[in-house]
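Here is the structure we will look at.
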Amino acid sequence: MSSAPDLRSDNLSPRRIASVRTTVFDRFASSPAGRVVGMLLLTAALLFLAAYPLSMLLYGSMFTAQPGLSGTFDLSGYGRLFTAHNIAILGNTVQIALVSTGVSITLAVLLAWILARTDTPFRGPLEVLITLPFFIPPFLTAMAWGMLGNPQIGVINMVWRWMTGTDGTIINVYSYFGIIWHMAQYSTVFLFLFIVDAFRAMDPSLEESSRMSGASAFSTFFRITFMLMLPVITACWLLSFIRGVEAFESALFFGLPAGIDVVTTEIYKAITQNSVPDYQFATAMSFAILVLMSLLILLRWRLLRGKNYQTVTGKGYNPRIMRLGPFRWVSFGFCLLFFFLTVVLPIGQLVVGSLFKFFGFYDLKMLTFDHYLAVFRNGELWRAARNTGLLAIGGATATMILGSIVAYVTIRTTWRGRRIIELLAWLPWMMPGIVLGLGFLWAFAMLPGPIPIYGTIWALLLAYMALGTPISVRIMAGAYGQLSYDIEECSRVHGANWWQTLWRILIALTWPSFAVGWVLAFFGIMRELSASILLYSVGNEVLSVVMLRMWTDGKLEQVCVIGLIMMLLIIVFRWVQHALLNRRISGLA
Amino acid sequence: MAVVLLENVGRTYGAFTAVEGVDLAVNKGEFLTFLGPSGCGKTTTLRMIAGLERNTSGRVMIEDTVVSDPAANWFVPPERRQLGMVFQSYAIWPHMTVFENVAYPLRIRRMAKAEVTRRVNDVLDLIEMRHLADRPAPDLSGGQQQRVAIARALVFEPSVLLLDEPLSNLDAKLRTQMGEEFRKLQQRLGITTLYVTHDQDEAMALSDRIVVMQSGNVLQIGSPQQIYHRPENLAVAQFVGSPNVLGARVQSSADADGLYRLNVQGDGWNGTALSSRSYGPGEGVHVMVRPENLRLAGTAPVVDTDLTFKGTVTDLVFRGAIYSVTIAVASMHLTLELPSATTVAIGDELDVYVPQGTAWALDAAAAG
Numbered sequence: 001m002s003s004a005p006d007l008r009s010d011n012l013s014p015r016r017i018a019s020v021r022t023t024v025f026d027r028f029a030s031s032p033a034g035r036v037v038g039m040l041l042l043t044a045a046l047l048f049l050a051a052y053p054l055s056m057l058l059y060g061s062m063f064t065a066q067p068g069l070s071g072t073f074d075l076s077g078y079g080r081l082f083t084a085h086n087i088a089i090l091g092n093t094v095q096i097a098l099v100s101t102g103v104s105i106t107l108a109v110l111l112a113w114i115l116a117r118t119d120t121p122f123r124g125p126l127e128v129l130i131t132l133p134f135f136i137p138p139f140l141t142a143m144a145w146g147m148l149g150n151p152q153i154g155v156i157n158m159v160w161r162w163m164t165g166t167d168g169t170i171i172n173v174y175s176y177f178g179i180i181w182h183m184a185q186y187s188t189v190f191l192f193l194f195i196v197d198a199f200r201a202m203d204p205s206l207e208e209s210s211r212m213s214g215a216s217a218f219s220t221f222f223r224i225t226f227m228l229m230l231p232v233i234t235a236c237w238l239l240s241f242i243r244g245v246e247a248f249e250s251a252l253f254f255g256l257p258a259g260i261d262v263v264t265t266e267i268y269k270a271i272t273q274n275s276v277p278d279y280q281f282a283t284a285m286s287f288a289i290l291v292l293m294s295l296l297i298l299l300r301w302r303l304l305r306g307k308n309y310q311t312v313t314g315k316g317y318n319p320r321i322m323r324l325g326p327f328r329w330v331s332f333g334f335c336l337l338f339f340f341l342t343v344v345l346p347i348g349q350l351v352v353g354s355l356f357k358f359f360g361f362y363d364l365k366m367l368t369f370d371h372y373l374a375v376f377r378n379g380e381l382w383r384a385a386r387n388t389g390l391l392a393i394g395g396a397t398a399t400m401i402l403g404s405i406v407a408y409v410t411i412r413t414t415w416r417g418r419r420i421i422e423l424l425a426w427l428p429w430m431m432p433g434i435v436l437g438l439g440f441l442w443a444f445a446m447l448p449g450p451i452p453i454y455g456t457i458w459a460l461l462l463a464y465m466a467l468g469t470p471i472s473v474r475i476m477a478g479a480y481g482q483l484s485y486d487i488e489e490c491s492r493v494h495g496a497n498w499w500q501t502l503w504r505i506l507i508a509l510t511w512p513s514f515a516v517g518w519v520l521a522f523f524g525i526m527r528e529l530s531a532s533i534l535l536y537s538v539g540n541e542v543l544s545v546v547m548l549r550m551w552t553d554g555k556l557e558q559v560c561v562i563g564l565i566m567m568l569l570i571i572v573f574r575w576v577q578h579a580l581l582n583r584r585i586s587g588l589a
Numbered sequence: 590m591a592v593v594l595l596e597n598v599g600r601t602y603g604a605f606t607a608v609e610g611v612d613l614a615v616n617k618g619e620f621l622t623f624l625g626p627s628g629c630g631k632t633t634t635l636r637m638i639a640g641l642e643r644n645t646s647g648r649v650m651i652e653d654t655v656v657s658d659p660a661a662n663w664f665v666p667p668e669r670r671q672l673g674m675v676f677q678s679y680a681i682w683p684h685m686t687v688f689e690n691v692a693y694p695l696r697i698r699r700m701a702k703a704e705v706t707r708r709v710n711d712v713l714d715l716i717e718m719r720h721l722a723d724r725p726a727p728d729l730s731g732g733q734q735q736r737v738a739i740a741r742a743l744v745f746e747p748s749v750l751l752l753d754e755p756l757s758n759l760d761a762k763l764r765t766q767m768g769e770e771f772r773k774l775q776q777r778l779g780i781t782t783l784y785v786t787h788d789q790d791e792a793m794a795l796s797d798r799i800v801v802m803q804s805g806n807v808l809q810i811g812s813p814q815q816i817y818h819r820p821e822n823l824a825v826a827q828f829v830g831s832p833n834v835l836g837a838r839v840q841s842s843a844d845a846d847g848l849y850r851l852n853v854q855g856d857g858w859n860g861t862a863l864s865s866r867s868y869g870p871g872e873g874v875h876v877m878v879r880p881e882n883l884r885l886a887g888t889a890p891v892v893d894t895d896l897t898f899k900g901t902v903t904d905l906v907f908r909g910a911i912y913s914v915t916i917a918v919a920s921m922h923l924t925l926e927l928p929s930a931t932t933v934a935i936g937d938e939l940d941v942y943v944p945q946g947t948a949w950a951l952d953a954a955a956a957g
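Sequence order for the protein chains is S and Y.
If you're matching positions, the first sequence starts at 1 in the working numbering and goes up one per residue.
If you're matching positions, the second sequence starts at 590 in the working numbering and goes up one per residue.
Written as structure tokens, this is what we have:
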């Protein structure tokens, strides 16, 4: 990994000094009026995307009727939260999140260590394979595993019965195990991406000096490497736990049929599975979960305060590689097994499922292409695919532009109000998709008549932007943070004006990060289900919603066909991204 | 007895050769410096001695024990070599206090608690950092971190201390001060020290012997005086300082106290120069003259000169203590240093001379 140390500020200091200097942007926007107008516009946009749905959630939780109908205000929604049933749901949610976090953090540390710090063969390709699940929508793998691990006619159980000659069932995915297994697949990869960078970016002399002090490789790992990683791992643990509480798909597909309820599915049920949607209860529950989330986030801040060791000093390190000897094939096998379970098995199921007449009856005489034909003749599907494509491209672009501006203002200027902007842009981060969806549902319904967002495709676009902004801000802030102020100033000194500097220096240096963020936002929208399911309207369906409907209608074979097409798209996209960007990104992103 | 012995040690990365055929014996209590431009293989050599890098050929011995011999498939890991090391980045562990950082090598060796406290306090006293023992390591300044790194390397009394450009992250004044302090400490403790630097002033000031390296090869091993005044080849001469190098032909050579005195003839000048071997008449040599060894001939007649020149001043740079002066002599240019109190101007005609014993002749063939 070659990097560009000269682009990073202050790379010799063991702690990067967070000095705030005036930048060219300051001088450009020194006309106070222009700056104030710009900041007001930005604040207004963020208020609409984050604070408005949040306040509407609070409003809705105290309003007795559906949005738009006449009702009164009371606290009965909150009163109904305190039942034994709801306490049990909270217990379920926390328990599932805890277990899946424990499993995934162990796997993620192990995988990251194997791929970053050992001489396991084919580490490069393995890393690409292992991170692939990150790009596959959870509802797709959930559907695939729903078929694989079906207790009656799932392939895994059928193979087991064939091999043993018994009629036992070794796996039932419609259970706690199923929810946790599905959740852990995703959070493992997600955590891996965080942890592997921390493993790589560590100054190797910190470990070498431990070896020189007489500590063995084993002792060094626990006393130095692991201890230095502890802040990162703690942060990841909490992050994973928060995501576990927010998770929707796993519990929707595997918990609901088994009667296992978690908070997100309970909110979903209150709105979609009652004859009269119970908005007050759903919003009250949403608000309660938001409070829980903010407590967790406060805890995270407390834990991390003063613990940021800055082992990343900005140099291009060659991390120390440990020789595993013959065990390197064990670690290789372990990585391959993970890939097999999380990618090959589900995709294989989709392939098989799409080619047989009925799910569960695998007879060569039943082979057919009928499902492909049916899918291609389905007008509703084409419409949903077009909507998804448009939303993903438009939404990703809009999210990244917003994120770039917010990150620039918060990182590289000293303007007043930038802290508020930072906070607003980060607010949606603690809202689970279904909660944000509900908030927007209220927010759009309460808009005055001439602004027709409710029931249009714009509703989805705005929700996707809100969901994606925290990540886009983070990525762009990281990119700007790596550029020293000298780079901008040097350009100005050499005669470039502000716009030329922005275009030729800042954008030229940060576009790889922009591209990475764009791809993440794109896939984020492709996979989004929980907010979409509350905000779509007839004619504006997206693929995830249509597929869920087909799944519940029992059209499993056609679901397989669409799933395969999406998977193909994802793999092509990932390959293009890898081929085009990786070389340029390695140093900066 | 050699404390560290390298025999034909080399290191290749695929087709790239980082270090080639290094032979070296380090004596007990010696301060030995690896000097060379970046990428010359000096850090790789140090890391091979430390065991952080494996040599691909040759043998490394520490205190008469083979620690690495790829031919015999033998390699002793760094933690079992009992060396102390100071890294360029200091590698102070940010999750520990000053005391914990320094105590680490002792605790790893399972030393009794009271003994650990005593030894750490002793070594913190040595570097005058005891009052900061409980400070979290990231709160230290660069100079303080450097002291802690040295304390950590010294605390278990290693047989050899390795230092990889330890002063390069400090500013110029502090660098000189820390260098002097460290040299005094090293002499007081009498600890064998291997030091890597690209800074020739540092190498001259600190070392007993210097190993000059370039492109993975050792060019010369010798005392700072030998390296500076009696370089073995042009590459060493040109790496250390910026001498005048004049092409000449040998007319005759004679013994002179273990060296040879040559009569040389250049383009429009002639005189004498010392060399380490004799040359036949007509052989080409390079004559090295250091700028500070060119003196202005006063009104009094000069005696015992190697060479004399007459030239016109073409360039003049004021450097505070001295003037850097360039004079044109026939077809060549000479640089010389004059006390800055000298009255001199561009266009002046100067008579300069080289005192006897300071002009040094080298093989012309080694040019390049």
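Every residue gets a Cβ at the ideal spot worked out from N, C-alpha and C, and that includes glycine.
In this text, all values refer to a predicted model and were calculated from it rather than measured experimentally.
Shown here, PHE369/S sits in coil according to DSSP, grouped into three states, outside any helix or strand. The beta carbon of ALA862/Y sits closer than 7 Å to those of LEU851, VAL853, VAL876, ASP895, ALA948, TRP949, ALA950, all from its chain and outside the five residues before and after it, given in chain order.
Counting other Cβ atoms within 10 Å of its Cβ, TRP682/Y reaches 16 or more and is therefore classed as buried. Looking at the DSSP output, SER796/Y bridges to nothing.
Boundaries for ARG838/Y: no alpha helix (DSSP H) harbours it, while the beta strand (DSSP E) harbouring it runs 833 to 845, taken from the DSSP string.
Of all residues in the region 229 to 255 of chain S, none has a C-beta nearer than 7 Å to a C-beta of chain Y. For MET674/Y, the neighbours in chain S by C-beta distance under 7 Å run, in chain order, SER209, MET212. With contacts defined as CB atoms closer than 8 Å, THR897/Y and ALA917/Y fail to qualify as a contacting pair. Ranked by how close their Cα comes to the Cα of THR225/S, the residues ILE195/S, GLU249/S, LEU238/S have ILE195/S in first place. Comparing alpha carbon positions, the residue from SER757/Y, ALA910/Y, LEU883/Y, GLY779/Y closest to LEU925/Y is LEU883/Y. Going by beta carbons, PRO747/Y and GLN671/Y fall inside the 8 Å limit. Fewer than three beta-carbon pairs drawn from the region 768 to 775 of chain Y and the region 693 to 710 of chain Y are found closer than 8 Å, and the two stretches are therefore not classed as touching.
Considering only beta carbons, the part of the region 695 to 724 of chain Y lying closer than 8 Å to chain S consists of ILE697, ARG698, in chain order.
In the structure shown, the three-state DSSP call for VAL744/Y is coil. Taking 7 Å as the Cβ-Cβ cut-off, the region 173 to 207 of chain S approaches chain Y at ASP203, SER205, LEU206, given in chain order. CA-to-CA, the gap between GLU207/S and THR220/S works out to about 7 Å.
Taking the CA atoms as reference points, ILE935/Y sits about 48 Å from LEU635/Y. By the CB criterion at 8 Å, ARG724/Y and VAL687/Y fall inside the cutoff. Ranked by how close their Cα comes to the Cα of GLY468/S, the residues TYR454/S, TYR372/S, THR456/S, GLU528/S have GLU528/S in first place. Sequence-distant Cβ neighbours of ALA837/Y in its own chain, meaning closer than 7 Å and more than five residues away, are VAL853, GLN854, GLY855, VAL874, VAL876. In this structure the region 324 to 334 of chain S does not touch the region 264 to 277 of chain S; the number of beta carbon pairs closer than 8 Å is below three. The region 464 to 478 of chain S makes no contact with the region 355 to 370 of chain S, as fewer than three CB pairs between them are under 8 Å. Inter-segment contact for the region 124 to 136 of chain S and the region 337 to 346 of chain S is present: three or more beta-carbon pairs are separated by less than 8 Å.
ASP658/Y: member of the beta strand (DSSP E) spanning 654 to 658, first to last residue. Residues of the region 629 to 663 of chain Y that bring their beta carbon within less than 7 Å of a beta carbon in chain S comprise ALA639, LEU641, in sequence order.
Secondary structure of THR632/Y (DSSP, three-state): helix. Chain Y has a Cβ within less than 8 Å of the Cβ of ALA215/S.
When 9 Å is used as the limit between beta carbons, TRP858/Y is near no residue of chain S, the shortest such separation being about 46 Å. Where GLN766/Y is concerned, the enclosing alpha helix (DSSP H) starts and stops at 761 to 778. With respect to the 8 Å criterion, ALA521/S and SER472/S are classified as neighbours on the basis of their beta carbons. Non-local C-beta neighbours of ALA953/Y in its own chain, meaning closer than 8 Å and more than five positions away in sequence, comprise GLY836, GLU872, GLY873, VAL874, HIS875, ordered along the chain.
Around the beta carbon of GLU642/Y, a 10 Å sphere encloses 16 or more other beta carbons of the protein chains shown; the residue is thus reported as buried.
At least one CB of chain S lies nearer than 8 Å to the CB of ALA680/Y.
GLU689/Y is outside the set of residues whose beta carbon lies under 8 Å from a beta carbon in chain S. Looking from the CA of PRO832/Y, the closest CA among ASN644/Y, ARG819/Y, VAL839/Y belongs to ARG819/Y. Comparing alpha carbon positions, the residue from TRP113/S, ARG161/S, ALA33/S, THR188/S closest to PHE222/S is TRP113/S.
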